[in-house]
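Peer 1: Protein chains in written order, with this note's numbering: chain W, 15 to 309; chain D, 33 to 458.
Virtual Cβ for every residue (Gly too), placed ideally from N, Cα, C.
1) Relative to the alpha-carbon of residue 164 (chain D), which residue among D:153, D:145, D:182 and D:174 has its alpha-carbon at the smallest distance?
2) Should residue 287 (chain D) be flagged as near chain W, meaning a C-beta pair shorter than 8 Å?
3) Cα separation between residue 295 (chain W) and residue 83 (chain D)?
4) Quick check on residue 97 (chain D): buried or exposed, where buried means 16 or more other Cβ atoms within 10 Å of its Cβ?
5) Out of W:132, W:107, W:138 and W:135, which one is the CA nearest neighbour of residue 124 (chain W)?
6) Which residues in the same chain have their Cβ closer than 8 Å to the Cβ of residue 415 (chain D), if we skip the five residues on either side of it in sequence?
7) For residue 136 (chain D), report the span of its alpha helix (DSSP H) as first-last.
8) Examine chain D for any beta-carbon lying closer than 8 Å to the beta-carbon of residue 273 (chain W), and answer yes or no.
9) In whole angstroms, what is the alpha-carbon distance linking residue 149 (chain W) and residue 293 (chain D)?
10) If I'm right that residue 134 (chain D) touches residue 352 (chain D) with Cβ under 8 Å, what's the distance once you round it to whole angstroms?
11) Using beta-carbon positions only, say whether residue 295 (chain D) and residue 327 (chain D) come within less than 8 Å of one another.
12) Since residue 104 (chain D) sits in a beta bridge, which residues does DSSP pair it with?
13) Report all residues from its chain with a CB closer than 6 Å to the CB of residue 445 (chain D); omit the five preceding and five following residues, and keep chain order.
14) Let me confirm a value: residue 246 (chain W) is counted as buried when at least 16 other C-beta atoms fall within 10 Å, else exposed. Which label applies?
15) Name the residues in the region 165-178 of chain W whose C-beta lies less than 8 Å from a C-beta of chain D; which are they?
16) Given a threshold of 16 other Cβ atoms within 10 Å of its Cβ, counted over all protein chains shown, does residue 41 (chain W) qualify as buried or as exposed?
17) Near residue 284 (chain W), what residues of its chain come up, given a Cβ to Cβ distance below 6 Å and the 5 sequence neighbours on each side ignored?
18) Which residues of chain D have a Cβ atom closer than 8 Å to the Cβ of residue 257 (chain W), listed in chain order?
19) Could you tell me the distance, in whole angstroms, from the CA atom of residue 195 (chain D) to the CA atom of residue 262 (chain D)?
20) Can you look up residue 27 (chain W) in the DSSP assignment and give me helix, strand or coil?
21) List, in chain order, every chain W residue whose beta-carbon is nearer than 7 Å to that of residue 144 (chain D).
22) When burial is assigned at 16 or more other CB atoms within 10 Å of the CB, is residue 293 (chain W) buried or exposed?
23) Nearest-angstrom Cα distance between residue 188 (chain W) and residue 135 (chain W)?
24) Our contact map puts residue 357 (chain D) next to residue 153 (chain D) with C-beta atoms below 8 Å; I'd like the distance itself, whole angstroms only.
25) When you compare only the Cα positions, how much space is there between residue 74 (chain D) and residue 110 (chain D)?
26) Would you mind sorting residue 338 (chain D) into buried or exposed? The rule is 16 or more other CB atoms within 10 Å of its CB.
27) Anything in chain D within Cβ reach of residue 89 (chain W), meaning under 8 Å, just list it in chain order.
28) DSSP beta-bridge partners for residue 187 (chain D)?
29) Given a cut-off of 8 Å on the beta-carbon distance, is the pair residue 190 (chain D) and residue 325 (chain D) in contact?
30) Would the region 252-260 of chain W count as touching the region 420-430 of chain D if we require 3 or more Cβ pairs under 8 Å?
31) Applying a beta-carbon distance threshold of less than 7 Å, which residues of chain D neighbour residue 276 (chain W)?
32) From the DSSP output, in three-state form, read off residue 54 (chain W) for me.
33) Note down the Cα distance separating residue 204 (chain W) from residue 89 (chain W), rounded to an integer number of angstroms.
34) Could you list the residues in the region 114-126 of chain D with a C-beta less than 8 Å from some C-beta on chain W, going in chain order?
35) Hey, residue 6 (chain D) and residue 273 (chain W): beta-carbon distance below 8 Å or not?
36) Is there a C-beta anywhere in chain W that falls below 8 Å from the one on residue 351 (chain D)?
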């Protein structure tokens with residue numbers, strides 16, 4: 015009887031989630047499984063025939079495709095910078111805003127605002143700033159430190175990309191930190207103040223440990239997003255000059271659509287990236303979860 | 033109890049309403065269906081800059097069909113931006129949602145799509161007989177016509193005729209003459225070349241022109257040998273002298289200048305020459321309607337036979353092989369080269385004439401370019417793999433910011449070509 019009830023309940027639950035489940039399966043799971051298959055073919059994306067070639071694509075990636083590994087290396091560099099910079103910046107902003115008595119809402123909205131604009135549009139705005147506004151300032155006001163090739167010189171374009179990515183992404187992470195900070199019980203702070211703790215001591219011993227769970231989620235989000243970055247780089251430099259700022263997502267995109275239409279080969283590359291992201295994020299999650307429990 | 037009753041009443045009223053609305057709408061469709069046969073054609077084209085002109089032409093077509101055949105045609109015209117066009121087309125073709133007619137690049141894409149079986153044969157259509165022989169070859173695969181040519185371009189580099197006349201110089205025919213032109217321009221305080229390298233396809237135009245000239249003039253079997261893994265960019269290393277001349281005598285901040293900005297700067301007289309096709313003439317004239325543009329052939333070396341302009345058919349319209357509206361789709365394809373209306377269309381689009389039905393005045397620069405063609409100094413687009421063309425553009429950017437040397441350029445290009453060959457073999 016009890017068993018029958020459980021089955022019935024499960025069926026009911028399944029029925030309730032069915033719409034979402036069907037969308038998820040058709041839009042995510044099935045394409046993902048098909049992707050595994052495509053990576054073993056030399057399909058060119060147009061031809062109805064998809065010739066099976068086994069692991070040939072993977073062999074080629076690991077033996078000859080230096081552009082792919084270069085772009086992967088660049089993506090790693092970008093990811094490290096973004097994860098560190100974005101989290102520090104977001105945390106500082108969150109702490110700063112939460113320590114204000116007035117105007118919290120205004121600042122929160124201001125810093126969150128870039129997140130509401132599509133990053134593609136944001137990048138085009140910044141493109142204008144880097145190619146027009148900064149030069150105007152350099153030429154008319156003599157601010158020669160601005161007179162660099164901001165998106166043409168690989169050294170500077172890396173920082174240009176970081177700037178735009180931080181501008182667009184920090185607000186979102188900041189909101190998560192703000193929520194966590196607001197969740198810290200006020201009594202702890204009051205008790206610490208009574209004990210004569212300085213603001214820095216309170217930050218170190220109360221706030222930071224209490225918001226440890228939000229580090230896990232924020233690191234996860236930034237890591238994941240940074241690894242898959244596409245829009246900022248594509249609209250700002252297009253991966254150029256040459257391939258100097260090519261991230262792995264652009265490398266894959268170009269392989270599939272711009273070069274020889276090698277869909278099968280491009281799918282194989284994206285599977286490798288998928289595996290790397292999977293390993294890194296699961297390591298990160300396990301480590302962080304363990305630390306969280308310790309605290 | 034009372035509540036239940038009112039609920040029932042409301043439900044009944046709602047159901048009644050629904051039924052009556054369904055009846056009404058049903059009656060409506062019946063009435064509409066009576067006057068004429070209705071056909072919907074879905075047409076996808078890759079030049080949003082001509083949306084207005086094409087929409088007007090489509091309206092003419094719809095009127096003509098209604099008048100002559102009594103068929104009510106509705107043409108849905110879609111113009112995705114040219115950057116995304118190929119992706120959208122590929123997605124729609126592979127998901128059985130193909131447009132009835134769509135544009136393709138005649139040299140780069142048409143053969144692949146024909147081979148995949150997506151394109152209908154137009155050889156027996158009236159339009160095929162009207163095409164100029166050269167143009168007909170350019171839209172044919174195995175001697176069968178597969179597309180209606182829209183855009184056929186003749187292009188080299190653009191120069192500002194006023195500046196050239198002020199300096200007393202004419203378009204050079206050899207590299208030495210070009211060096212002299214550069215010297216004179218600089219002496220008179222002009223920047224010789226407009227650089228706009230932000231988008232990699234713009235610097236790529238240099239390799240396109242120079243390779244085309246060099247290969248057609250001196251080593252006609254180079255492309256074939258490259259496809260057979262038996263050639264090298266070292267054989268065409270001539271091209272780098274001209275590239276170097278352009279890069280070291282151009283406007284500053286090239287990597288921050290896009291093609292449109294370059295056109296605007298050139299229109300405002302910031303440089304005397306702009307290595308850019310005639311397709312940008314419209315942008316240039318919109319900035320400065322007074323400018324007089326000339327078209328010249330870019331010299332590779334001191335062999336005049338290598339100094340050539342490019343002759344190519346690019347955007348052309350194909351009919352989807354399995355379209356359910358084949359008859360109407362063919363009507364539309366034929367209407368593009370209609371004896372009465374086509375001339376006005378091609379003139380308004382500023383395209384070159386492609387068929388015997390075309391009879392209109394050309395712009396000055398088009399005449400300049402046609403002069404080279406008349407003298408037999410044009411080359412047909414070299415058909416290089418897309419990956420190779422893109423790599424050339426990227427490497428030119430890198431060369432400009434001094435991230436690669438000419439030697440590395442050559443080595444990388446040879447490798448890229450071999451890799452592309454391998455991809456083709458698969």
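Peer 2: The structure says:
1) D:182
2) yes
3) 47 Å
4) buried
5) W:107
6) 139, 140 and 255
7) Taken as a continuous stretch (DSSP letters only), residue 136 (chain D) belongs to no alpha helix (DSSP H), being part of the beta strand (DSSP E) at 133-137.
8) yes
9) 14 Å
10) 7 Å
11) no
12) D:70
13) 265
14) buried
15) 165, 166, 167 and 168
16) exposed
17) 266
18) 426 and 430
19) 44 Å
20) helix
21) 60
22) exposed
23) 21 Å
24) About 17 Å; that fails the 8 Å criterion.
25) 8 Å
26) buried
27) Here the premise fails: no neighbours, minimum Cβ distance about 18 Å.
28) D:342
29) yes
30) yes
31) 455
32) coil
33) 44 Å
34) 118, 119, 122, 125 and 126
35) No information on residue 6 (chain D) is available, as it lies outside the stretch 33 to 458 that chain D covers here.
36) no
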